[in-house]
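J.: Below you'll find the structure I mean.
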Amino acid sequence: MPLEYPPWSTLLEKERIFEKEVNNKLSKPVTGQVDKHKITESAFRTSLHILPVPFDAIAESIYDGVDGYEREKLSEVKNFLHTLTKKGEKHYASTAPRLGGITSDVLKLKNETAKKSTLLYVRDILAGKYADVDQQIYRITKAQEDLTDY
Numbered sequence: 001m002p003l004e005y006p007p008w009s010t011l012l013e014k015e016r017i018f019e020k021e022v023n024n025k026l027s028k029p030v031t032g033q034v035d036k037h038k039i040t041e042s043a044f045r046t047s048l049h050i051l052p053v054p055f056d057a058i059a060e061s062i063y064d065g066v067d068g069y070e071r072e073k074l075s076e077v078k079n080f081l082h083t084l085t086k087k088g089e090k091h092y093a094s095t096a097p098r099l100g101g102i103t104s105d106v107l108k109l110k111n112e113t114a115k116k117s118t119l120l121y122v123r124d125i126l127a128g129k130y131a132d133v134d135q136q137i138y139r140i141t142k143a144q145e146d147l148t149d150y
């Protein structure tokens with residue numbers, strides 16, 4: 001059964017709450033010797049549940065897939081969410097439903113590397129990095145079929 005992406009209004013609200021929660025956690029005064037990288041990672045990981053499915057998994061894949069410091073990783077997640085909202089409701093409404101089946105299958109994958117890399121591909125489709133969405137969806141579907149043949 002395909003995954004239903006959340007309604008646009010829910011996505012916008014959850015993205016706003018996620019951003020606010022992370023920023024609140026990062027702005028709290030810290031006493032003593034504390035690793036700032038751990039604070040950033042903790043702020044991200046403890047706020048991740050706010051994002052609706054599958055955006056929580058996509059955000060985690062982005063964060064884990066970025067080389068660099070935790071602030072850079074968090075910045076990439078925020079950039080994705082901002083890009084998605086800038087693309088607008090019309091883009092989201094035409095793209096998200098077409099990714100439901102694929103995303104549902106991806107979230108069930110036991111291979112974490114395959115799951116995360118495919119979610120990053122879904123991120124790129126949602127962010128509008130490809131002109132031909134149908135071709136990209138076909139590529140993901142074909143790759144999934146190839147994986148199940150083995």
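Read in my numbering, the sequence shown has 117 at position 117, and its numbers run on one by one without any break.
Positions of the beta carbon are idealized from the N, C-alpha and C atoms, including for glycine.
Since we're looking at a predicted model, the values are computed, not measured.
#1: Let's test the definition: count the other Cβ atoms within 10 Å of the Cβ of Ile17 and tell me whether it reaches 16, buried, or not, exposed.
#2: Is the distance from the Cβ of Ile50 to the Cβ of Glu21 below 7 Å?
#3: Distance check for Ile140 and Arg98, CA to CA, integer angstroms please.
#4: Is Ala114 close to chain C? Criterion is C-beta to C-beta, closer than 7 Å.
#5: Classify Tyr184: buried if its beta carbon has 16 or more other beta carbons within 10 angstroms, exposed otherwise.
#6: Pull up the distance between the alpha-carbon of Lys142 and that of Lys28, whole angstroms please.
#7: Helix, strand or coil: which one does DSSP assign to Asn79?
#8: Assuming Gly100 and Tyr5 make a contact with CB atoms under 8 Å, what is their CB distance in whole Å?
#9: Drop a sphere of 10 angstroms on the beta-carbon of Ala131, count the other beta-carbons inside from all chains shown, and report buried for 16 or more, exposed for fewer.
T.: In this structure, then:
#1: By 1-based counting over the sequence shown, the position of residue 17 is 17. With fewer than 16 Cβ atoms within 10 Å of its Cβ, Ile17 is classed as exposed.
#2: As a position in the sequence shown, residue 50 is number 50, starting the count at 1. As a position in the sequence shown, residue 21 is number 21, starting the count at 1. Cβ distance < 7 Å, so Ile50 and Glu21 count as in contact.
#3: Here residue 98 refers to the residue found at position 98 when the sequence shown is read from its first residue. Here residue 140 refers to the residue found at position 140 when the sequence shown is read from its first residue. Near 12 Å, if we compare the C-alpha coordinates of Ile140 and Arg98.
#4: Given the protein chain composition of this structure (a single chain), no chain C is represented.
#5: In the structure as shown, the chain begins at 1 and stops at 150. Residue 184 is therefore absent and cannot be evaluated.
#6: For the purposes of this step, residue 142 is identified with residue 142 of the sequence shown, where counting begins at 1. For the purposes of this step, residue 28 is identified with residue 28 of the sequence shown, where counting begins at 1. Rounded to whole angstroms, Lys142 to Lys28 spans 47 Å at the Cα level.
#7: Here the question's residue 79 lines up with position 79 in the sequence shown. Asn79: helix per DSSP, three-state reduction.
#8: If you number the sequence shown from 1, residue 100 lands on position 100. If you number the sequence shown from 1, residue 5 lands on position 5. About 6 Å separates the two Cβ atoms, so the contact holds.
#9: To locate residue 131, count along the sequence shown from 1; it is residue 131. Ala131 comes out exposed.
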